[in-house]
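Participant: Mind having a look at this structure? Questions to follow.
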Amino acid sequence: MAICPNDTIKLVGRQASLELASGCADTPPTEAEWLYAGALTSKSFDFSPNTVTSESDDSGGFQESLVTNSDFTISAEGEVRTKDKSDEFGFGAMVLYYATELKARRQPTVWVRLGFGPVTMVMYATITALSGEAGTNDIVTFSMELHPADSSTSQVLILRNDTGASKTVNIDGANATTISPSGYGGTISVAGGKDIVIADGATSFVRLSDIKAFLAGVIAITGGTGVEAMLIEQ
């Protein structure tokens, strides 16, 4: 199958990704710290706006609605493994972490990142629901919900294919090289395992590990292994 950076084909559910990372609100995770949230069968989000209405005399014959804030939720359902994989933030780790934090009288908070087609949502979140079910003749399942713990960390990032001017490539915070691509067809040499952040003024680009095909058709990366990136605009 061809790698097509301008592809607009429909998305299937398994291409949406949910990742978790431990940490504190003032320190976003490095790319290496993000882990898939177990064997998931469903991922979803709900902005659930809270609204007020106006029925003033000058509003005519129709009630007017205004959004005051949003009860933002990221949810997931999945299947329980007998033992978590080492590269996952699985059900076992989640339950242990939740119980440990409550026993210590701390909030059960984690970083969460949901890749949903062209949109990536990131926030420092509180685990507000965590449950499991084990039917005798069924696969054991679990579900969880996460709400913002610190609203200032909530971000919605949008994928775009920018064919503009040159971009500066930063590797672990240090300016390494500059590309001047046509449709980002240039080459970036990096060491394996390094995070890639491409910055262009107020526009930020962050690495997203679960969709490699996009970058492969946009920028050729040489000089390392295990390096992926996703072009993002906030």
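Sequential numbering of the sequence shown, starting at 137, is according to the working numbering. Cβ coordinates follow ideal geometry from the N, Cα and C atoms, glycine included.
Are the beta-carbon atoms of Leu156 and Phe225 separated by less than 9 Å?
Facilitator: Against the sequence shown, residue 156 aligns to sequence position 20. Against the sequence shown, residue 225 aligns to sequence position 89. For Leu156 and Phe225, yes; Cβs fall inside 9 Å.
Participant: To the nearest angstrom, how far is the alpha carbon of Thr176 from that of Val216?
Facilitator: Position 40 of the sequence shown, counted from the start, is the residue given in the question as residue 176. Position 80 of the sequence shown, counted from the start, is the residue given in the question as residue 216. The amino acid at residue 176 is misidentified as Thr; the sequence shows Leu. The straight-line gap from Cα to Cα measures roughly 9 Å.
Participant: Would you call the region 265-274 in contact with the region 186-205, where contact means no fewer than 3 C-beta pairs closer than 8 Å?
Facilitator: Contact fails: fewer than three Cβ-Cβ distances are below 8 Å.
Participant: Could you pull out every residue in the same chain whose Cβ sits closer than 6 Å to the Cβ of Lys179, ignoring the five residues on either side in sequence?
Facilitator: Position 43 of the sequence shown, counting from 1, holds the residue named residue 179. Counting only Cβ-Cβ distances below 6 Å, and skipping sequence neighbours, we find Ala152, Leu154, Ala212.
Participant: Verify whether the separation of the beta carbon atoms of Thr289 and Val255 is less than 9 Å.
Facilitator: Here the question's residue 289 lines up with position 153 in the sequence shown. Here the question's residue 255 lines up with position 119 in the sequence shown. The answer is no: Cβ separation not under 9 Å.
Participant: CB-CB under 6 Å to Asp425, same chain, minus the five flanking residues each way: which ones, in chain order?
Facilitator: The structure shown has nothing for residue 425, since the chain only spans 137 to 370.
Participant: Taking Lys179 as part of the alpha helix (DSSP H), name the residues at either end of that continuous run.
Facilitator: Position 43 of the sequence shown, counted from the first residue, corresponds to residue 179. Where Lys179 is concerned, there is no enclosing alpha helix (DSSP H), although the beta strand (DSSP E) it sits in stretches over 175-182.
Participant: Spatial neighbours of Thr262 within its chain, please: C-beta separation below 8 Å, excluding the five flanking residues on both sides.
Facilitator: Stepping through the sequence shown from its first residue, residue 262 is reached at position 126. Gln243, Pro244, Thr245, Leu282, His283, Pro284, Ala285.
Participant: How big is the Cα-Cα spacing for Val148 and Ser184?
Facilitator: By one-based count along the sequence shown, residue 148 stands at place 12. By one-based count along the sequence shown, residue 184 stands at place 48. Straight-line Cα distance between these residues: approximately 23 Å.
Participant: Check Val231 in the structure and name its three-state DSSP category.
Facilitator: What you label residue 231 is simply residue 95 of the sequence shown in a count that begins at 1. If DSSP states are grouped into helix, strand and coil, Val231 belongs with the helices.
Participant: How would you write the range of the beta strand (DSSP E) that Ser190 sits in, first residue to last?
Facilitator: Against the sequence shown, residue 190 aligns to sequence position 54. Its beta strand (DSSP E) spans residues 185-190.
Participant: Using the three-state DSSP reduction, which class does Gly337 fall into: helix, strand or coil?
Facilitator: Start at 1 with the first residue of the sequence shown, and residue 337 comes out as number 201. Note that Gly337 scores 38 on pLDDT, short of 50, meaning its location in the model is unreliable and no value can be drawn from it.
Participant: Tell me the DSSP secondary structure of Thr144 in three-state form.
Facilitator: Here residue 144 refers to the residue found at position 8 when the sequence shown is read from its first residue. Looking at Thr144 - three-state DSSP - the assignment turns out to be coil, as it is neither helix nor strand.
Participant: Name the DSSP beta bridge partners of Ala261, please?
Facilitator: For this step, residue 261 is matched to residue 125 along the sequence shown. Beta-bridge pairing links Ala261 to Val246, Pro284.
Participant: Look at Gly159 and Pro165 and say whether their C-beta atoms are less than 9 Å apart.
Facilitator: Position 23 of the sequence shown, counted from the first residue, corresponds to residue 159. Position 29 of the sequence shown, counted from the first residue, corresponds to residue 165. Cβ atoms of Gly159 and Pro165: closer than 9 Å.
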